[in-house]
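For reference, the structure discussed in these notes is given below.
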Amino acid sequence: MKLSNYYLPTLREVPADAEIPSHQLMLRAGMIRSLSAGIYSYLPLGYRVIRKVEQIVREEMDRSGALEVLMPAMQIADIWKESGRWEEFGPLMVRFKDRNEREYCLGPTHEEVIADIVRDEVRSYKDLPFNLYQIQTKVRDEIRPRFGLMRAKEFIMKDAYTLDRDEEGLDKAYQNMYDAYVRVFERCGLDTRVVEADSGAMGGSGSHEFMVLADSGEDDLAFCTDCDYAANVERAEAGLEISSSGASASAADNDPAADEAAAIEKVHTPDATTIEDLVNMIEVSPKKMIKTMAYVADDKPVVALIRGDDQLNEVKFRNHLGAIELRPAHPDEFPERFGSVAGFIGPVDLPEDIKIVADSRIQELEQAVTGANQKDYHLVNVNPHRDIKEIEAFTELRTVQAGDPCPKCGGALEIKSGIEVGHIFKLGTKYSSSMEATYLDENGREQPIVMGSYGIGVTRVAAAAVEQHHDERGIVWPLPLAPYQVIILPLGNSSEVSQAAEELYQELQDAGLEVLLDDRDERAGVKFNDAELIGIPLRITIGSRSLEKEEFEVQIRRSGEEFNIDRSTASAEIKKLLEEEIE
Ligand code: ATP
Ligand code: MG
-17 MKLSNYYLPT LREVPADAEI PSHQLMLRAG MIRSLSAGIY SYLPLGYRVI
33 RKVEQIVREE MDRSGALEVL MPAMQIADIW KESGRWEEFG PLMVRFKDRN
83 EREYCLGPTH EEVIADIVRD EVRSYKDLPF NLYQIQTKVR DEIRPRFGLM
133 RAKEFIMKDA YTLDRDEEGL DKAYQNMYDA YVRVFERCGL DTRVVEADSG
183 AMGGSGSHEF MVLADSGEDD LAFCTDCDYA ANVERAEAGL EISSSGASAS
233 AADNDPAADE AAAIEKVHTP DATTIEDLVN MIEVSPKKMI KTMAYVADDK
283 PVVALIRGDD QLNEVKFRNH LGAIELRPAH PDEFPERFGS VAGFIGPVDL
333 PEDIKIVADS RIQELEQAVT GANQKDYHLV NVNPHRDIKE IEAFTELRTV
383 QAGDPCPKCG GALEIKSGIE VGHIFKLGTK YSSSMEATYL DENGREQPIV
433 MGSYGIGVTR VAAAAVEQHH DERGIVWPLP LAPYQVIILP LGNSSEVSQA
483 AEELYQELQD AGLEVLLDDR DERAGVKFND AELIGIPLRI TIGSRSLEKE
533 EFEVQIRRSG EEFNIDRSTA SAEIKKLLEE EIE
């Protein structure tokens, strides 16, 4: 392609609202433009990269035995009502009505459509197993679309669905997809880690996420420094706390008889609304405090109790409650719904209709400090077993922290940020049971089809690749995703140079390479900057001086290496360099 006829609106300045490198660089490199928050056009250069990702995904899906289909983006509400997710998906789903008042959504995912496709056709165990996939635009009304293609309202996903006779078949299909995903991300030049994941609204029994480690990642991941344990923090659990750190020790340090006897006391704690304020005021360790977190779950007031030095894991809390929507209570809601005041809420004598769930570590506390449900007061000597009336359950609610013991080996956990590029789920029979997608087994008995679902964020992969491969001058595409492999820069306005560039351009194209020719009437500086910004792996510069010596200058974008090659063997030389670049 010749840049004189290209649409490549590059930007010198960093766009103000773009916070992370991939978003900034994809805008600056003229790859994408936003129509509105989270809604993008993929411009010529950007769309080529997306198509490269799609092609790699397609090849690996085909190789794994999956069959490509294309399902409707417009889905009817009826199937979602059958599966129970019309409510469950909540505000993330874009819904609308047609002229006859029939309800629809724009597909955020396609489990229901798959179940509908197969339920009338699959009759016998002989019809199973198989795997259907598509590469398609998905729509989700994200609460905070941001970071460009990373979290968009409209994005391209590859979604695959396996249909099996039984769990054993699902296990095999799941492993097959797992292996295909490893190959996809490797071929895309992405360094990914696989972590155990929460299955969220999908339901089902097992799930893994494929993560690109990056500071800008929105997911926190726990890795063991000693073994191979890796899990999304949403799901990660810590092993048992050993030795003297923590509340179990502090309780044991005291005389148990004295603990039991110690009566609750109300203490004046003016303006102490945070754990820090409280530590400064009454000199008690956060390990001996109970944080009472007020939430509203599907419009009912609920509280979570966790230790003062811990953070609540909202995903675990929501899973425990089985809630669809969970949000922190607004300070205005405290008096009426919680009979309390923001900053001073506590679990003693809360109104009866409030469900109280406590983290397991609360169980070990005996003389704890909590809010007194009265402005500027706290309670001390609170014994959860004695003083808090209705704790519905003690369960894991805390977010694991760096240094926590690994649940597998006891080693120390570390926390890193990651970008989720792929997610695989064992769904089991959640959808086939509710939607009656069944088959007859060898004994003529009706059985629900056992399903799995598998997603790759195609557009997010392109962004994650930039996040992982860039420098201060621009993008550094891994060759398999590069929109073009080679860019030729003729410098100056001599006709010999233009002619040599044109010849090389034709020759490389004939050799099957993807080539850009920067034949614009621009200064050398502009051409160099743009070539580096858009990240083409090989740059060939042709100027009058080197041409006199029958030479071209090569720059390898990744290493910055520059050297000359002979004009006569240039094409073969360039092919060889690209082959080396792949390795
Ligand atoms: P997230 O936790 O990031 O919101 P998710 O877990 O809801 O994602 P899945 O339902 O697992 O997403 O979708 C499969 C894949 O689609 C994800 O692994 C991710 O790569 C991609 N994806 C999901 N939401 C978005 C989005 N808003 N923008 C771009 N890609 C997305
Ligand atoms: Mg996911």
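Mapping of the sequence shown onto the working numbering: residues -17 to 565, in sequence order. Beta carbons are placed, not taken as given, at the ideal position from N, Cα and C, and that holds for glycine.
8 Å contact criterion, which residue i and residue j should meet: CB distance rounded
| i | j | result |
| --- | --- | --- |
| GLY393 | ASP208 | 3 Å |
| LEU347 | ILE272 | 7 Å |
| ALA162 | GLU50 | In fact, because the Cβ distance is near 13 Å, the residues do not count as touching under 8 Å. |
| LYS408 | GLY188 | 4 Å |
| GLY28 | ALA134 | That pair is no contact at about 13 Å. |
| GLY517 | TRP459 | 4 Å |
| ILE38 | VAL176 | That belief does not hold up - the Cβ atoms of ILE38 and VAL176 are roughly 18 Å apart, past 8 Å. |
| MET263 | THR251 | 6 Å |
| LEU473 | TYR487 | Actually they do not touch by this definition, with Cβ atoms about 15 Å apart. |
Alpha-carbon spacing of residue i relative to residue j, whole angstroms
| i | j | result |
| --- | --- | --- |
| GLU555 | LEU471 | 17 Å |
| VAL95 | MET53 | 8 Å |
| ASP259 | VAL35 | 51 Å |
| LYS298 | THR352 | 22 Å |
| ARG584 | GLU418 | Lying before the first or after the last residue shown, residue 584 is absent from the chain, which here runs from -17 to 565. |
| ALA229 | ILE457 | Note that ALA229 scores 44 on pLDDT, short of 50, meaning its location in the model is unreliable; the coordinates nonetheless yield the value given after this. Cα to Cα, the separation comes out at about 50 Å. |
| ILE406 | LEU203 | 17 Å |
| ASN158 | ALA142 | 12 Å |
| GLU103 | ALA97 | 10 Å |
| GLU372 | PRO333 | 10 Å |
| GLY47 | LYS140 | 15 Å |
| HIS367 | GLN345 | 8 Å |
| LYS270 | ASN214 | 28 Å |
| ALA429 | ASP423 | According to the sequence as given, residue 429 is Gln; it is not Ala. Taking the straight line from one Cα to the other gives about 7 Å. |
| SER415 | LYS108 | 19 Å |
| LEU152 | PRO310 | 38 Å |
| ALA233 | VAL(-4) | In this predicted model, ALA233 has a pLDDT of only 44, less than 50, meaning its place in the structure is not dependable; the value taken from the coordinates is given anyway. Using only the alpha carbons, I get a separation of about 55 Å. |
| ILE431 | ASN425 | 15 Å |
| PRO568 | GLU484 | Outside the displayed span of the chain (-17 to 565) sits residue 568, for which this structure offers no information. |
| ASN236 | ALA244 | With a pLDDT of 49 at ASN236, under the threshold of 50, the modelled position of that residue is not reliable, and no figure is offered here. |
| GLU136 | ASN365 | 50 Å |
| ALA164 | ASP331 | It should be pointed out that residue 164 corresponds to Val in this sequence rather than to Ala. C-alpha separation (whole angstroms): 53 Å. |
| ARG482 | LYS558 | Strictly speaking, residue 482 in this sequence is Ala, with Arg absent from that position. Those two C-alpha atoms are separated by around 20 Å. |
| VAL278 | GLU69 | 17 Å |
Cβ-heavy atom distance, residue i to ligand 3, below 7 Å
| i | result |
| --- | --- |
| HIS405 | Absence of ligand 3 is noted for the structure shown, with ligand 1 and ligand 2 being the only ligands found. |
8 Å Cβ cutoff met for residue i and residue j
| i | j | result |
| --- | --- | --- |
| VAL440 | ILE32 | yes |
| LEU110 | TYR421 | yes |
| GLN349 | PHE326 | no |
| VAL339 | THR377 | yes |
| SER4 | ILE14 | no |
| LEU515 | GLN467 | no |
| VAL497 | GLY525 | no |
| ASP400 | VAL194 | Looking at the sequence itself, residue 400 is Gly, so the reference to Asp does not match. In contact: GLY400 and VAL194 (Cβ atoms closer than 8 Å). |
| ASP358 | ASP253 | yes |
| TYR86 | ILE58 | yes |
| ILE370 | PRO329 | yes |
| LEU294 | ARG300 | no |
| ALA585 | ASP146 | The first residue shown for the chain is -17 and the last is 565, placing residue 585 beyond what the model contains. |
| GLU530 | ARG549 | no |
| SER(-14) | ASP453 | no |
| PRO317 | ASP291 | no |
| ALA447 | MET132 | no |
| ILE99 | ARG40 | no |
| GLY171 | PRO462 | yes |
| GLU449 | ALA196 | yes |
| LEU17 | LEU(-7) | no |
Counted within 10 angstroms of its Cβ, other Cβ atoms place residue i as buried (16 or more) or exposed
| i | result |
| --- | --- |
| ASN546 | exposed |
| GLU191 | buried |
| LEU490 | buried |
| ASP60 | exposed |
| MET433 | buried |
| LYS248 | exposed |
| ASP512 | buried |
| VAL443 | buried |
| SER226 | In this predicted model, SER226 has a pLDDT of only 42, less than 50, meaning its place in the structure is not dependable; the value taken from the coordinates is given anyway. It counts as exposed. |
| VAL536 | buried |
| VAL121 | buried |
| ALA218 | buried |
Are the stretch 70 to 82 and the stretch 98 to 118 touching by the rule of at least three beta carbon pairs closer than 8 Å? They do not touch, by the three-pair rule.
Specify whether the stretch 196 to 210 and the stretch 61 to 77 touch according to this definition: at least 3 beta carbon pairs, one from each stretch, less than 8 Å apart. Output reads no: the stretch 61 to 77 does not touch the stretch 196 to 210.
Can you find at least 3 beta carbon pairs, one from the stretch 269 to 289 and one from the stretch 372 to 386, that sit closer than 8 Å? Contact between the stretch 269 to 289 and the stretch 372 to 386 is present, because at least three Cβ pairs lie under 8 Å.
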